[in-house]
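**Q** Can you read through this structure? Questions will come right after.
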Amino acid sequence: MLRSLVGSEMCIRDRLKLALSLLAYGMPAVDAEHTIHELAKVMKLPKPDLEFKLRSLSARFVEGIHTVKCARGIDFDKLTSCAELTDWLHRNSEELCSTCAGVRAAISTLHDIQHQPKPYGWLIQLLNSESLCIFAAVGAYSGDWEDASAVALIAPLPILVSMLCRKWAQYWGTFELVLCPLLIGAMTAVVYRNLHSSGELCRVSIWYLSCLLIHLPGSDVVYGAYETLHASVENGAARVVGGVLKAMALAVMLNVGWQISGREAVTEIVDPHTHAIRHLSGAAASFVPFSSCSTAHNISWQVAYAACNLVLVSNICLAFNMRLRKMILPVLVGYLSLYVFGYLTFGLTGSETISGYVVNVITLLVAGTLAVTLELLHGSPSCISVIPVVLILAPGSSSVSYTHLTLPTKRIV
-7 MLRSLVGSEM CIRDRLKLAL SLLAYGMPAV DAEHTIHELA KVMKLPKPDL EFKLRSLSAR
53 FVEGIHTVKC ARGIDFDKLT SCAELTDWLH RNSEELCSTC AGVRAAISTL HDIQHQPKPY
113 GWLIQLLNSE SLCIFAAVGA YSGDWEDASA VALIAPLPIL VSMLCRKWAQ YWGTFELVLC
173 PLLIGAMTAV VYRNLHSSGE LCRVSIWYLS CLLIHLPGSD VVYGAYETLH ASVENGAARV
233 VGGVLKAMAL AVMLNVGWQI SGREAVTEIV DPHTHAIRHL SGAAASFVPF SSCSTAHNIS
293 WQVAYAACNL VLVSNICLAF NMRLRKMILP VLVGYLSLYV FGYLTFGLTG SETISGYVVN
353 VITLLVAGTL AVTLELLHGS PSCISVIPVV LILAPGSSSV SYTHLTLPTK RIV
């Protein structure tokens, strides 16, 4: 009788609500599905037949089929709270099977999690986003303080527009992907043409990629591969294709923004094959440069990966609304993983010792191992520790650069 009451209390709607919460706040679909199945098992509830999609969730229970839609995003604070609630339900499953009071408390807690306000106000988010872009120039793209100063001038306007688009997401949310890279392209051209025109052209890519870091589709690509490997082919393929399309949109709008204030800003370039200086004009001189600097900058790798990346990983966690008291261990995982990357890349004489592809694999292996260990010992979802590392390694920046390369132009880059 009590078990039947518990089953009715922990009804279809509430189990779907928990599944949707895990999905909407950033957990991969395959992990959310596994979590709900295990929870139903330990609580001796009817096992749901779940079908997770990128924008909806379908579940077949004994009572019938239920389909609900949800928005997608990443919110470390709410995802951690939902994971803690799920862990509590696991640990107290026997008690919950004999009383309905705990189930009611869990349902109430889930409702509170979904409606709790963000932990940081707009001013903190604004300053944090600015700091993220500045330190990305040094920690993620191996720039120097001159690059960081250029990024500090470029970033504020796109950040403000991004915050406004998210505040009125119902009306302007879809325009964020268009307006932010457009403004970054325009502001980058202004800074290059008026303040840093005497500098190396290859530094320009550091500036706009640093401002685009939080928008790059790196997590989509990694999540897509992860879900495909776990037999969720439809979701995995959709994520990967969506990430590629997002990279194309970022690259195209970046070039559109560059046209506003960067017409014929790149009058000469170095041919990457013959190393000869080529003079450009017209349309060929009006596209965003994306060549990388081959010369080392004046910041040592120890400073970049032992100091700057500690700030950068913290900035990323704050950007995804993680509370300070829950941040220490995930930040430590990201920090140690990126320090390994810096040591293997620069401490061992770089590509002369180990290939960059191998270094990336080793770094992600270290990050994944530490993240899973943290999840087992502490209960924090592993994706919270891995996402900052993925964003800083920035696989999405390669997609953006490749899109630049394939744009039909008459220039040489």
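Using our numbering, the first residue of the sequence shown is number -7, and each one after it goes up by one.
Using N, Cα and C, we set each Cβ at its ideal position, and we do this for glycine too.
For clarity, every value in this text was computed on a predicted model and none was experimentally measured.
Taking C-alpha atoms, which residue in L204, T180, I99 lies nearest to Q251?
**A** The residue given as residue 251 occupies position 259 in the sequence shown. Closest by alpha carbon: T180.
**Q** In whole angstroms, give me the CA-to-CA distance for L46 and N301.
**A** For the purposes of this step, residue 46 is taken as residue 54 along the sequence shown, with counting starting at 1. For the purposes of this step, residue 301 is taken as residue 309 along the sequence shown, with counting starting at 1. Their backbone Cα atoms lie some 31 Å apart in a straight line.
**Q** Roughly how many angstroms separate the alpha carbons of V325 and T27, rounded to a whole number?
**A** The count along the sequence shown starts at 1 and reaches residue 325 at position 333. The count along the sequence shown starts at 1 and reaches residue 27 at position 35. When rounded, the distance between both Cα atoms is 23 Å.
**Q** Expressed to the nearest angstrom, what Euclidean distance is found between the alpha-carbon atoms of S121 and N186?
**A** Taking the first residue of the sequence shown as 1, we reach residue 121 at position 129. Taking the first residue of the sequence shown as 1, we reach residue 186 at position 194. So the two alpha carbons sit approximately 24 Å from each other.
**Q** Use the C-beta contact count for W137: other C-beta atoms within 10 angstroms, 16 or more gives buried, fewer gives exposed.
**A** As a first step, residue 137 is located in the sequence shown; it is residue number 145 there, counting from the start. Counting Cβ neighbours within 10 Å, W137 comes out exposed, since fewer than 16 surround it.
**Q** Hey, would you say V462 sits closer than 8 Å to S374, going by beta carbons?
**A** Nothing about residue 462 can be read from this structure; the chain reaches only from -7 to 405.
**Q** Just the C-alpha distance for V236 and N84, rounded to the nearest angstrom, thanks.
**A** Position 244 of the sequence shown, counted from the start, is the residue given in the question as residue 236. Position 92 of the sequence shown, counted from the start, is the residue given in the question as residue 84. Straight-line Cα distance between these residues: approximately 43 Å.
**Q** In chain order, which continuous runs of the beta strand (DSSP E) of length 3 or greater are located wholly inside the segment 285 to 358?
**A** Segments of the beta strand (DSSP E) lying fully in the segment 285 to 358: there are none.
**Q** Would you give the residue range spanned by the alpha helix (DSSP H) that L156 belongs to?
**A** The sequence position of residue 156 within the sequence shown is 164, counting from 1. Taken as a continuous stretch (DSSP letters only), the alpha helix (DSSP H) holding L156 covers 148 to 159.
**Q** I'd like to know if the segment 194 to 208 and the segment 10 to 18 are in contact, where contact means that at least 3 CB-CB pairs between them fall below 8 Å.
**A** Judged by Cβ distances under 8 Å, the segment 194 to 208 makes no contact with the segment 10 to 18, as fewer than three pairs qualify.
**Q** Name the two residues that bound the continuous beta strand (DSSP E) containing D41.
**A** Indexing the sequence shown from 1 puts residue 41 at position 49. D41: member of the beta strand (DSSP E) spanning 41 to 44, first to last residue.
**Q** Please look up how many angstroms separate the CB atoms of G131 and I198, rounded, as I've assumed it's under 8 Å.
**A** Locating residue 131 in the sequence shown gives position 139, counting from the first residue. Locating residue 198 in the sequence shown gives position 206, counting from the first residue. Not a contact, Cβ separation roughly 11 Å.
**Q** If you follow the alpha helix (DSSP H) that T224 is in, where does it begin and where does it stop?
**A** For the purposes of this step, residue 224 is identified with residue 232 of the sequence shown, where counting begins at 1. Correcting the residue type first, residue 224 is Ser in the shown sequence and not Thr. Element bounds for S224: n/a, residue is neither H nor E.
**Q** Going by other Cβ atoms of all chains shown within 10 Å of its Cβ, with 16 needed for buried, is V350 buried or exposed?
**A** Position 358 of the sequence shown, counted from the first residue, corresponds to residue 350. V350 comes out exposed.
**Q** Please classify S154: is it buried, with 16 or more other beta-carbons within 10 angstroms of its beta-carbon, or exposed?
**A** Along the sequence shown, read from residue 1 onward, the residue named residue 154 stands at position 162. Its Cβ being crowded by 16 or more others within 10 Å, S154 is buried.
**Q** Taking C-beta to C-beta, are C62 and L42 nearer than 8 Å?
**A** Locating residue 62 in the sequence shown gives position 70, counting from the first residue. Locating residue 42 in the sequence shown gives position 50, counting from the first residue. Contact: no.
**Q** Give the secondary structure of L385 by DSSP, where H, G and I count as helix, E and B as strand, and everything else as coil.
**A** The residue labelled residue 385 in the question sits at position 393 within the sequence shown. L385 falls in the helix class under three-state DSSP.
**Q** Once DSSP output is grouped into helix, strand and coil, what is the label at V233?
**A** The residue given as residue 233 occupies position 241 in the sequence shown. Of the three classes helix, strand and coil, the one that applies to V233 here is helix, per DSSP.
**Q** Give the C-beta separation of S211 and L383 to the nearest angstrom, bearing in mind that I take them to be a contact with Cβ-Cβ under 8 Å.
**A** Against the sequence shown, residue 211 aligns to sequence position 219. Against the sequence shown, residue 383 aligns to sequence position 391. With a contact defined as Cβ atoms closer than 8 Å, S211 and L383 qualify at about 7 Å.
**Q** How many angstroms separate the CA atom of L310 from the CA atom of H103?
**A** Start at 1 with the first residue of the sequence shown, and residue 310 comes out as number 318. Start at 1 with the first residue of the sequence shown, and residue 103 comes out as number 111. C-alpha separation (whole angstroms): 23 Å.
**Q** Alpha carbon to alpha carbon, how far is S(-4) from A32?
**A** Translated into the one-based positions of the sequence shown, residue -4 becomes position 4. Translated into the one-based positions of the sequence shown, residue 32 becomes position 40. With a pLDDT of 44 at S(-4), under the threshold of 50, the modelled position of that residue is not reliable, and no figure is offered here.
**Q** So which of A51, V22, A75 has the shortest CA-CA distance to L366?
**A** Working through the sequence shown from its first residue, we reach residue 366 at position 374. That would be A75, whose Cα lies nearest to the Cα of L366.
**Q** Between N313 and D79, how many whole angstroms is the CB-CB distance? I'm expecting something under 8 Å.
**A** The count along the sequence shown starts at 1 and reaches residue 313 at position 321. The count along the sequence shown starts at 1 and reaches residue 79 at position 87. 20 Å between Cβ atoms; not a contact.
**Q** Under the three-state reduction of DSSP, which class applies to K238: helix, strand or coil?
**A** One-based indexing of the sequence shown puts residue 238 at position 246. Correct three-state label for K238: helix.
**Q** May I ask which residues mark the beginning and end of the alpha helix (DSSP H) holding K110?
**A** Walking along the sequence shown from the start, residue 110 turns up at place 118. No alpha helix (DSSP H) holds K110; DSSP gives it neither H nor E.
**Q** Between the beta-carbon of G249 and the beta-carbon of L175, is there less than 8 Å?
**A** By one-based count along the sequence shown, residue 249 stands at place 257. By one-based count along the sequence shown, residue 175 stands at place 183. In contact: G249 and L175 (Cβ atoms closer than 8 Å).
**Q** Determine the direct distance from the alpha carbon of I105 to that of L149, and round the result to whole angstroms.
**A** The residue labelled residue 149 in the question sits at position 157 within the sequence shown. The residue labelled residue 105 in the question sits at position 113 within the sequence shown. Whole-angstrom Cα-Cα distance: 32 Å.
**Q** Does the distance from the C-beta atom of T355 to that of V332 stay below 8 Å?
**A** In the sequence shown, residue 355 corresponds to position 363, counting from 1. In the sequence shown, residue 332 corresponds to position 340, counting from 1. Cβ atoms of T355 and V332: closer than 8 Å.
**Q** Measuring only the C-alpha atoms, how far is L385 from V378?
**A** Within the sequence shown, numbered from 1, the residue matching residue 385 stands at position 393. Within the sequence shown, numbered from 1, the residue matching residue 378 stands at position 386. Roughly 11 Å separates the two Cα atoms.
**Q** Report, in whole angstroms, the separation of the C-beta atoms of V381 and L330, which I expect to be a contact under 8 Å.
**A** Residue mapping note: residue 381 aligns to position 389 of the sequence shown, counting from 1. Residue mapping note: residue 330 aligns to position 338 of the sequence shown, counting from 1. Contact flag correct, Cβ pair sits at about 6 Å.
**Q** If the criterion is Cβ atoms closer than 8 Å, does the pair L169 and K238 meet it?
**A** To locate residue 169, count along the sequence shown from 1; it is residue 177. To locate residue 238, count along the sequence shown from 1; it is residue 246. In terms of Cβ geometry, L169 and K238 form a close pair [threshold 8 Å].
**Q** If you draw a straight line from the C-alpha of V303 to the C-alpha of L201, how long is it?
**A** Along the sequence shown, one-based indexing puts residue 303 at 311. Along the sequence shown, one-based indexing puts residue 201 at 209. C-alpha separation (whole angstroms): 18 Å.
**Q** Whole angstroms are fine: how far does the CA of A24 sit from the CA of L14?
**A** Residue numbering aside, residue 14 sits at position 22 when the sequence shown is read from its first letter. Residue numbering aside, residue 24 sits at position 32 when the sequence shown is read from its first letter. Going by the C-alpha atoms only, they are around 6 Å apart.
**Q** Quick one: what does DSSP say L208 is sitting in, helix, strand or coil?
**A** One-based indexing of the sequence shown puts residue 208 at position 216. Look at L208 here: in three-state DSSP terms it is coil, with no helix or strand label.
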